[in-house]
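Asks: Those letters in the sequence shown? Residues 1 to 348, by our numbering. The C-beta atom is built at its ideal place from N, Cα and C for all residues, glycine as well. This is the structure, below, for whatever I ask next.
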Amino acid sequence: MKIAQVAPLYESVPPKYYGGTERVVSYLTEELVRQGHDVTLFASGDSVTRARLVAASDHSLRLCKNCVDQLAHHIRMLELVFSDAEEFDIVHFHIDYLHFPFSRRLPVPSMTTLHGRLDIPDLAPLYREFCDMPVVSISDSQRAPLPWINWQDTVYHGLPVDLYRFHPGPGKYLAFLGRISPEKRVDRAIRIAQRLGLEIKIAAKVGAVDREYFIDVIKPLLEDPLVDYIGEIGEGEKNEFLGAAQALLFPIDWPEPFGLAMIEAMACGTPTIAYRNGSVPEVIAHGATGFIVDCLEDAVKAVEFLPTISRRRCREVFEERFSAGRMARDYVTAYRRLLVGESIISVA
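So this is what it looks like as structure tokens:
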């Protein structure tokens, strides 16, 4: 099958540091190539791939000091995609709704994976206008605000099985990985560690939009000697960071669409303690790969029960449910259904 993958340009594919969507696009692209498909990746010029790369910008945009208008590069990328569209059997977009007006006029089928939250009121009228666009969710819970749009399937994220190695544990500290923002609630993670007198290591990005929050709310909490703030880390550092932890703390306060960090920890054999929001009940098997909690007290108690979790079983569940191979096969099935005019889920 000839497949185009269209990635955001904010990070390279794969990203050097933080970047969930671009990371998933990389895993999917490389696995599709491995499975024998002819794949073209539209992404930033500093991306690394075995697919044919069409560079829509010289460099990824988030850390580019010379980039003032990020949207301009994405509009140019769309022109590159649509100029080559007839070469492909299907075009798979990962850039939210930006391409919708153009995709209606594509000469070949397209599919869009929605990677973000959908409970923003501004989105409802847009998706009503474009309710014909075939879309894929990354968890069933992600669909809740817009159950009536043209859902084709839910495809959970997956990682290459050899990306992380199994750590038998038991681990020495609690870990927080991802992004420092109000909805990710690293402050909860710190309080859990403080209640137990345990060290917590925080590997997290601070984006420009969250800089004030970090300075006013989080930075004072980092003065506690139990807290080790590492900052943003790359792919090569995650294996040791997650594998040497007792548990990943995932104390979110928002409808998380998926939560890649949970399966990254699982791949290392490290259980996750997560608040019951968004995709968490779909990803974490309570009592098997971690604990799902509703409050700070529950989270503190869950840490005490970590020895009941089999780290070996965490790794096995990762291999069974969250491999890149499974993700790619699921997408190919969705592509083929779309190409023959079938849908898994009918439009409400």
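May I ask you to list the residues that DSSP assigns as paired with M111?
Replies: Counting from one through the sequence shown, the residue named residue 111 turns up at place 111. Bridge partners of M111: H92.
Asks: Specify whether the segment 302-316 and the segment 203-219 touch according to this definition: at least 3 beta carbon pairs, one from each stretch, less than 8 Å apart.
Replies: Between the segment 302-316 and the segment 203-219, the count of C-beta pairs closer than 8 Å stays below three; the two stretches do not touch.
Asks: Determine the extent of the alpha helix (DSSP H) in which R117 is found, giving its start and end residues.
Replies: What you label residue 117 is simply residue 117 of the sequence shown in a count that begins at 1. For R117, no alpha helix (DSSP H) segment is defined, and its DSSP state is neither H nor E.
Asks: Would you give the residue range spanned by the beta strand (DSSP E) that G290 belongs to?
Replies: As a working note, residue 290 is residue 290 in the sequence shown. Element bounds for G290: G290 to V293.
Asks: Residues in its own chain within less than 6 Å of F291 by CB, not counting five upstream and five downstream?
Replies: Position 291 of the sequence shown holds residue 291. If we look at F291 and ignore the five residues flanking it on each side, its Cβ neighbours are I273 and A302.
Asks: Rounding to the nearest angstrom, what Cα-Cα distance links E304 and I192 in this structure?
Replies: As a position in the sequence shown, residue 304 is number 304, starting the count at 1. As a position in the sequence shown, residue 192 is number 192, starting the count at 1. For E304 and I192, the distance between alpha carbons rounds to 11 Å.
Asks: Around the Cβ of N66, are there at least 16 other Cβ atoms within 10 angstroms (buried) or fewer (exposed)?
Replies: For this step, residue 66 is matched to residue 66 along the sequence shown. Flag for N66 reads exposed.
Asks: Going by DSSP in three states, V206 sits in which element: helix, strand or coil?
Replies: Translated into the one-based positions of the sequence shown, residue 206 becomes position 206. Three-state DSSP puts V206 in coil, outside helix and strand.
Asks: Between the segment 120-127 and the segment 79-94, do three or more beta carbon pairs fall short of 8 Å?
Replies: No: the two stretches stay apart, fewer than three of their Cβ pairs being nearer than 8 Å.
Asks: Leaving out five residues on either side along the sequence, give the residues of the same chain with a beta carbon under 7 Å from the beta carbon of Y173.
Replies: Counting from 1 along the sequence shown, the entry for residue 173 is found at position 173. Excluding residues within five positions, the ones whose Cβ falls inside 7 Å are L198, E199, I200, K201, A245 and Q246.
Asks: Which residue comes first and which comes last in the alpha helix (DSSP H) that contains G269?
Replies: Translated into positions along the sequence shown, residue 269 becomes position 269. Per DSSP, G269 belongs to no alpha helix (DSSP H) and is neither H nor E.
Asks: DSSP has Q5 in a bridge; who is on the other side?
Replies: Counting from one through the sequence shown, the residue named residue 5 turns up at place 5. In DSSP, Q5 forms a bridge with L41 and H92.
Asks: Which of the three DSSP states, helix, strand or coil, is assigned to Q35?
Replies: Taking the first residue of the sequence shown as position 1, residue 35 is located at position 35. Of the three classes helix, strand and coil, the one that applies to Q35 here is coil, per DSSP.
Asks: Is DSSP giving D46 helix, strand or coil here?
Replies: As a position in the sequence shown, residue 46 is number 46, starting the count at 1. Looking at D46 - three-state DSSP - the assignment turns out to be coil, as it is neither helix nor strand.
Asks: What residue range does the beta strand (DSSP E) around V54 cover?
Replies: Taking the first residue of the sequence shown as position 1, residue 54 is located at position 54. Per DSSP, the unbroken beta strand (DSSP E) holding V54 starts and ends at R52 to S57.
Asks: Is R179 helix, strand or coil when you go by DSSP?
Replies: Here residue 179 is taken as the residue at index 179 of the sequence shown, counted from 1. R179: strand per DSSP, three-state reduction.
Asks: Going by the CB atoms, is the gap between S12 and D38 shorter than 8 Å?
Replies: Residue 38 sits at position 38 when you count from the first residue of the sequence shown. Residue 12 sits at position 12 when you count from the first residue of the sequence shown. Not in contact: D38 and S12 (Cβ atoms no closer than 8 Å).
Asks: Near H99, what residues of its chain come up, given a Cβ to Cβ distance below 7 Å and the 5 sequence neighbours on each side ignored?
Replies: As a position in the sequence shown, residue 99 is number 99, starting the count at 1. Closer than 7 Å at Cβ, skipping near neighbours: L78 and F93.
Asks: Taking the straight line between their C-alpha atoms, what separation do you get for H157 and R185?
Replies: Position 157 of the sequence shown holds residue 157. Position 185 of the sequence shown holds residue 185. Approximately 23 Å between the Cα atoms of the pair.
Asks: Starting from the C-beta of I230, find all residues in its chain whose C-beta is less than 7 Å away, skip the five residues before and the five after it, and write them out in chain order.
Replies: Residue 230 sits at position 230 when you count from the first residue of the sequence shown. For I230, same chain residues with a beta-carbon under 7 Å away, outside a window of 5 residues either side, are K201, I202 and A203 in chain order.
Asks: The alpha helix (DSSP H) that contains Q194, what's its start and end?
Replies: Walking along the sequence shown from the start, residue 194 turns up at place 194. For Q194, the enclosing alpha helix (DSSP H) begins and ends at V186 to L196.
Asks: Does the segment 252-262 come within contact of the segment 215-235, defined as at least 3 CB pairs closer than 8 Å?
Replies: The answer is no - the segment 215-235 does not touch the segment 252-262, with fewer than three Cβ pairs under 8 Å.
Asks: Distance check for R188 and L296, CA to CA, integer angstroms please.
Replies: In the sequence shown, the residue the question calls residue 296 occupies position 296. In the sequence shown, the residue the question calls residue 188 occupies position 188. Each residue's alpha carbon lies about 7 Å from the other.
Asks: Go through its chain and collect everything with a Cβ distance to Y331's Cβ below 7 Å, but skip five positions before and after it.
Replies: On the sequence shown, position 331 is the one that residue 331 refers to. Here the set comprises L28 and V155.
Asks: How big is the Cα-Cα spacing for P14 and V25?
Replies: The sequence position of residue 14 within the sequence shown is 14, counting from 1. The sequence position of residue 25 within the sequence shown is 25, counting from 1. Going from the Cα of P14 to the Cα of V25 covers about 8 Å.
Asks: With G269 and H167 assumed to form a contact (beta carbons below 8 Å), what rounded beta-carbon distance in angstroms separates them?
Replies: Here residue 269 refers to the residue found at position 269 of the sequence shown. Here residue 167 refers to the residue found at position 167 of the sequence shown. Confirmed, about 5 Å.
Asks: According to DSSP, simplified to helix, strand and coil, what is D162?
Replies: In the sequence shown, counting from the first residue as 1, residue 162 sits at position 162. Three-state result, D162: coil.
Asks: For P373, collect the residues of the same chain with a Cβ closer than 6 Å to its Cβ; drop the 5 residues on either side in sequence, then sort them by chain order.
Replies: Residue 373 lies beyond the range of the chain shown here (1 to 348); nothing can be said about it.
Asks: Can you give me the C-alpha to C-alpha distance between L9 and K219, rounded to a whole angstrom?
Replies: Translated into the one-based positions of the sequence shown, residue 9 becomes position 9. Translated into the one-based positions of the sequence shown, residue 219 becomes position 219. For L9 and K219, the distance between alpha carbons rounds to 30 Å.
Asks: If the criterion is Cβ atoms closer than 8 Å, does the pair L159 and S323 meet it?
Replies: One-based indexing of the sequence shown puts residue 159 at position 159. One-based indexing of the sequence shown puts residue 323 at position 323. In contact: L159 and S323 (Cβ atoms closer than 8 Å).
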